[in-house]
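Structure record follows, encoded as structure tokens.
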């Protein structure tokens with residue numbers, strides 16, 4: 023059995039910089055046609071120069087064959103004081119702006135502390151007018167299992183106040199976020215591979231598994247079920263975004279383990295296995311491409327990825343990074359990307 | 023400021039065996055007058071010979087000065103088929119019997135799978151008649167955050183069916199278990215140091231902290247608050263039980279990290295700091311000794327431990343084991359044990 027995907031996209035990706043970028047960017051470009059590149063570097067990407075330079079650094083890691091078949095969809099780190107003029111100027115090079123509440127995840131220290139509609143009105147109105155989506159890591163500083171659900175009212179407040187703004191609820195993990203999707207026309211979501219597969223039981227219910235530790239943390243069975251329902255059934259407002267986050271092995275297997283699951287090179291295979299398991303392979307194209315193209319209004323390079331129902335043994339490491347399913351077998355493998 | 027504790031007891035302790043036993047047993051004997059020694063070795067302690075031999079191995083690790091000032095209070099691993107004759111014979115050497123639901127924690131694979139009152143009646147009736155307390159690790163196989171609360175009905179069923187049996191709810195972590203304490207005369211509880219101090223946020227709310235990963239996992243703020251209330255206010259049915267569980271550093275800082283926090287050598291100092299913080303130092307004696315002596319009907323060796331409000335820097339390791347607060351300062355230190 024084979025499956026052909028057209029121009030698969032990863033709508034939430036961390037590539038980091040330097041040596042790590044060299045390791046991971048080619049792995050994504052090998053399978054995907056484009057990816058939303060998160061801007062939480064140190065310092066974060068907040069200028070056109072930094073954004074263009076980062077795009078160049080990403081492209082410079084790719085083999086010639088992938089440069090025309092992979093588009094890094096660049097983002098800025100949200101600042102409430104971006105002017106309309108600045109946004110107009112950077113718009114052609116910009117896919118979205120990513121908003122982090124302060125201190126919520128890796129390199130988010132410079133994030134936003136309040137969500138005052140009046141204060142945010144100039145920048146969010148301009149983004150809505152220009153059609154620049156706002157991607158949000160939606161968590162409060164509350165108890166780890168409640169943070170995302172507590173943030174839903176903020177999503178709703180912003181969605182109501184800025185109806186022309188497309189708001190992407192990034193890497194949603196709860197039934198509460200799924201329910202919010204259908205209450206506002208302008209709320210959308212990305213969902214990761216790992217949140218479709220695991221719950222907190224997989225992270226901390228048996229032995230502790232640092233390589234499955236991520237933010238937002240994996241939640242309850244009923245939350246995973248709600249995510250699965252919208253992903254498997256091609257809900258038009260959800261997109262695949264891996265949130266693949268590479269950390270070196272020694273930053274994961276230690277006290278103070280960094281948050282993030284590395285899935286980029288195994289994501290399409292694992293998604294095929296998952297959608298196949300539920301007899302929903304026909305809906306995978308919507309999840310990994312069509313929905314995103316509609317929501318973002320983008321036309322990524324036309325590529326074709328062929329997957330085969332044939333076991334693939336995941337490497338134990340990619341460089342210094344331990345992937346999800348390290349050393350294990352996935353039932354589907356990738357044969358080609360053209 | 024100083025504080026004198028008489029014969030402090032640790033009513034839930036893991037000493038393991040072999041080299042690890044050599045490392046950790048003397049640390050407990052240095053501070054405590056007695057400790058309930060958990061029987062989940064491989065194989066578990068289920069015979070009088072094994073129990074006496076383990077006691078000998080424990081005592082053989084102690085310096086001469088501690089042999090008369092520290093009593094290992096020995097336990098058996100619960101089996102539903104222990105006969106009344108066997109229990110009568112072993113009773114003088116036995117402090118309690120520990121029941122593990124199957125597969126719930128370290129070396130609990132041989133544990134109990136059902137809680138059928140009729141089936142358990144012979145052994146639990148005999149234990150009640152003989153005054154042998156039943157210590158239970160009360161968790162179901164459910165979702166990690168719900169396991170303990172889901173087990174409360176089992177505690178209550180057993181408490182109602184065997185009113186003469188003293189049932190100790192071990193290392194309770196939830197407000198639900200605290201509430202059950204007052205519903206049955208024969209329900210008691212141990213509480214660890216770490217569950218008085220941390221929530222799931224400390225384990226997985228920021229970076230992941232494998233050295234704070236334990237079973238039952240730390241819960242919510244309202245759960246910690248309920249535990250604090252009964253501990254600080256000298257509720258007569260709660261006892262200190264550290265559940266101190268030594269694992270070598272490399273078994274904690276790895277994929278598949280073992281469950282357990284190592285607190286034995288720093289527990290009294292940290293308890294003094296905690297009770298001092300809440301201005302409840304007068305109640306610490308009840309928590310670490312008086313309640314346990316009443317509940318178990320024991321008279322441990324008379325010792326005196328003097329603590330001083332003077333910073334103590336916790337070693338980064340004891341042997342290969344990383345303790346709680348490794349390298350950090352605790353506001354109280356131990357000056358002497360006589």
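Protein chains in written order, with our numbering: chain P, 23 to 360; chain C, 23 to 360.
For each residue, glycine too, the CB sits at the ideal point set by N, CA and C.
Look at residue 242 of chain C: its C-beta is under 9 Å from a C-beta on chain P.
For the stretch 195-224 of chain C, the residues whose beta carbon sits under 9 Å from a beta carbon of chain P are, in order, 221, 222 and 223. Taking a Cβ-Cβ threshold of 8 Å, the residues of chain P close to residue 235 of chain C are 226 and 230, in chain order. In this structure, C:42 is the residue among C:42, C:138 and C:33 with its C-alpha nearest to the C-alpha of residue 340 of chain C. Non-local C-beta neighbours of residue 297 of chain P in its own chain, meaning closer than 7 Å and more than five positions away in sequence, comprise 254, 303, 305 and 306, ordered along the chain.
For residue 355 of chain C, the uninterrupted beta strand (DSSP E) run begins and ends at 355-359, by DSSP. Against chain P, a Cβ distance below 9 Å from residue 310 of chain C picks out nothing, because the smallest value is about 28 Å. Separation of the CB atoms of residue 192 of chain C and residue 263 of chain C is rounded to 7 Å, and the pair is thereby assigned contact status at 8 Å.
Counted as a single uninterrupted DSSP element, the stretch harbouring residue 53 of chain C is not any beta strand (DSSP E) but the alpha helix (DSSP H) occupying residues 40-53. For residue 157 of chain C, the enclosing beta strand (DSSP E) covers residues 156-158. For the C-beta of residue 277 of chain C, the chain P residues within less than 7 Å are, from N- to C-terminus, 231, 232, 233 and 275.
Annotation: residue 148 of chain P to residue 189 of chain P spans about 14 Å, alpha carbon to alpha carbon. When 7 Å is used as the limit between beta carbons, residue 280 of chain P is near these residues of chain C: 229, in chain order.
Restricting attention to alpha helix (DSSP H) runs no shorter than 4 residues, the stretch 57-116 of chain C encloses them at 70-82, 86-89 and 106-112, ordered along the chain. Distance from the CA atom of residue 224 of chain P to the CA atom of residue 165 of chain C, rounded to whole angstroms, is 10 Å. Contact between the stretch 195-209 of chain C and the stretch 152-167 of chain P is absent: fewer than 3 CB-CB pairs across the two stretches fall below 8 Å. Under the 9 Å criterion on CB atoms, residue 167 of chain P is classed as interfacial with respect to chain C.
Cβ-Cβ separation between residue 50 of chain P and residue 280 of chain P: approximately 19 Å, too far for a contact (criterion under 8 Å). When C-beta atoms of the stretch 241-261 of chain P are compared with those of the stretch 193-203 of chain P, three or more pairs fall below 8 Å, so the two segments count as touching. Counting along the chain, the unbroken alpha helix (DSSP H) around residue 297 of chain C starts and ends at 289-299. Take residue 66 of chain P, set aside five residues on each side of it, and the residues of its chain with a beta-carbon closer than 7 Å to its own are 99, 129 and 132, in chain order.
Taking a contact to require three or more Cβ pairs closer than 8 Å, the stretch 307-317 of chain P and the stretch 79-92 of chain P do not qualify as touching. Counting along the chain, no beta strand (DSSP E) covers residue 274 of chain P; the unbroken alpha helix (DSSP H) around it starts and ends at 271-274. Nearest to residue 248 of chain C by alpha-carbon distance, out of C:270, C:217 and C:167, is C:217.
Here the C-alpha atom of residue 113 of chain P lies approximately 15 Å from the C-alpha atom of residue 157 of chain P. Rounded to whole angstroms, the separation of the alpha carbons of residue 124 of chain C and residue 104 of chain C is 17 Å. Against chain P, the beta carbon of residue 239 of chain C has neighbours under 7 Å at 226, listed in chain order. Burial state of residue 360 of chain P is exposed, judged by a 10 Å Cβ sphere holding fewer than 16 other Cβ atoms. 9 Å or more divides the Cβ of residue 38 of chain P from the Cβ of residue 74 of chain P. Two segments are said to touch when three or more pairs of C-beta atoms, one from each, lie closer than 8 Å; by this definition the stretch 351-360 of chain C touches the stretch 323-334 of chain C.
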